[in-house]
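Numbering (the numbering used here) for the sequence shown: 475 to 715. Cβ coordinates follow ideal geometry from the N, Cα and C atoms, glycine included. Only a predicted model underlies this, so the values are computations on that prediction, with no experimental measurement involved. Notes to accompany the following structure.
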Amino acid sequence: MNRTVILCAHGSEAPRGRSAFAGLVNAVRREARDLDIVDAFVDVQEPRIAQVVAETVGPRAVVPLMLAYDRPVGVDIVQASHLDPAVSVTAPLGPDWVLAEVGVRRLFEAGARSDDTIVLAADVATDDRAVEDVSKAARLLSAVWGGRVHVGTLGGPDTHLADAVDVARAYGRRVVVSSYVLAPGAVHDQMVASGADVVTAPMLDGGPPDPRLVSLVVSRAQARGGGVSVGGETGPRVTHT
475 MNRTVILCAH
485 GSEAPRGRSA
495 FAGLVNAVRR
505 EARDLDIVDA
515 FVDVQEPRIA
525 QVVAETVGPR
535 AVVPLMLAYD
545 RPVGVDIVQA
555 SHLDPAVSVT
565 APLGPDWVLA
575 EVGVRRLFEA
585 GARSDDTIVL
595 AADVATDDRA
605 VEDVSKAARL
615 LSAVWGGRVH
625 VGTLGGPDTH
635 LADAVDVARA
645 YGRRVVVSSY
655 VLAPGAVHDQ
665 MVASGADVVT
675 APMLDGGPPD
685 PRLVSLVVSR
695 AQARGGGVSV
705 GGETGPRVTH
715 T
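The structure is reproduced here in C-alpha cells:
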C-alpha cells in the first residue's frame, strides 16, 4: 500500500490560480508513483485540510505548498495534523535554493538586467519566523542572481512592498519585482500593482511546472522522520535556461 501524501495550499478564487495548482499536483503524481497524492487547502477552496486528514487513514505526511513557515503552516496545518498521530508535517517549500533558481529564471524571462534594482515581493509575513524565511529567500535569490536583492511584503513588520519599490527608485534604475508567490491570483495581482517597472510571473506561470519545482515537492513528500530542514541543500544549482 502506497504512503499517502497530502499537498496543502492556499485556496484561490482565480481560475488561473486553481489551474496552476492542479497542474503542479498532477505533475507530482506522475513523478512520485509510489505515493498516493491527495490535495487540500487551508482556505477558499475545498476540501479543507482538516477534512482530508479525517477522511484518510494510515501514516501520511502533509506537505505545505507554501513559500515560508507562516500562520497557515504553523496553525491551520499543524492543528489539523493533531487530529491523528499518524499524520506528520514536512517543512514548507521555501525558502530553498530551487525557488531561488526558478526566481532567477522568471527574472530572465521578464527581461531583467544586471543593472536593475531587484525587490523580492512576498505575501503578508506576520511573525518572526515568516519574516526570517522571506529574508532568507532574498539572500538565496541574491546569491543565484549575483546582485543585491531588497525585500518588500504585502503586510506585517517588514517593509511594505509599495514602500520598498519607492525606496528602490532612489538608485535611479529600473525597479524589478521578483514575485515570491507560488501561483497567479489576488496576491500576485497586488504585486503587479506595486508601481514597479517590471513584475515577474509567479513560480507557477500557467505553463507546465518547472521540473525543479516538481522535484522539490517530491523531495518534501518523500522525506521521513519528522520533516526536513528548510533550505537544506548544500548550494545552488545555477541554470539560466
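Residue i, enclosing beta strand (DSSP E) - first and last residue
i: Arg477; result: 477–483
i: His624; result: 623–627
i: Ala596; result: 591–596
i: Val650; result: 649–654
For residue i: DSSP bridge partner residues
i: Ala535; result: Val479, Ser562
i: His634; result: Thr627
i: Val672; result: Val650
i: Arg522; result: Phe515
Residue i classed as buried or exposed, judged by whether at least 16 other C-beta atoms fall within 10 angstroms
i: Tyr654; result: buried
i: Val549; result: exposed
i: Asp570; result: buried
i: Asp513; result: buried
i: Val704; result: Because the pLDDT of Val704 is 33, which lies under 50, any placement of that residue in the model is unreliable, and the question is left without a value.
i: Pro682; result: exposed
i: Asp544; result: buried
i: Asp556; result: Reading off the sequence, residue 556 comes out as His, not Asp. Counting Cβ neighbours within 10 Å, His556 comes out exposed, since fewer than 16 surround it.
i: Val531; result: exposed
i: Pro685; result: exposed
For residue i, the nearest candidate out of the options (CA to CA)
i: Ala697; options: Glu583, Val536, Leu656; result: Val536
i: Asp558; options: Glu505, Trp571, Asp508, Gln525; result: Gln525
i: Val572; options: Ala612, Asp589, Thr633; result: Ala612
i: Ala596; options: Thr674, Arg587, Ala506; result: Thr674
i: Val516; options: Val552, Arg534, Ala501; result: Val552
i: Gln664; options: Leu498, Arg686, Val518, Val639; result: Val639
i: Pro658; options: Ala642, Asp679, Gly621, Asp671; result: Asp679
i: Val576; options: Arg694, Leu690, Thr478; result: Leu690
Beta-carbon separation (whole angstroms), residue i vs residue j, contact threshold 8 Å
i: Val598; j: Gly646; result: Not really, about 30 Å apart at Cβ, beyond 8 Å.
i: Gly669; j: Ala644; result: Contact flag wrong, Cβ pair sits at about 14 Å.
i: Val547; j: Pro566; result: 5 Å
i: Cys482; j: Ile511; result: The Cβ separation is near 11 Å, so there is no contact.
i: Gly621; j: Ser652; result: About 11 Å; that fails the 8 Å criterion.
i: Thr591; j: Arg648; result: 7 Å
Continuous alpha helix (DSSP H) stretch holding residue i: start and end
i: Ile511; result: That residue, Ile511, is in no alpha helix (DSSP H); its beta strand (DSSP E) goes 509–515.
i: Asp607; result: 602–619
i: Ser693; result: 685–696
Residue i: CB within 7 Å of a non-hydrogen atom of the ligand ATP
i: Thr530; result: This structure does not include the ligand ATP; it has no bound ligands of any sort.
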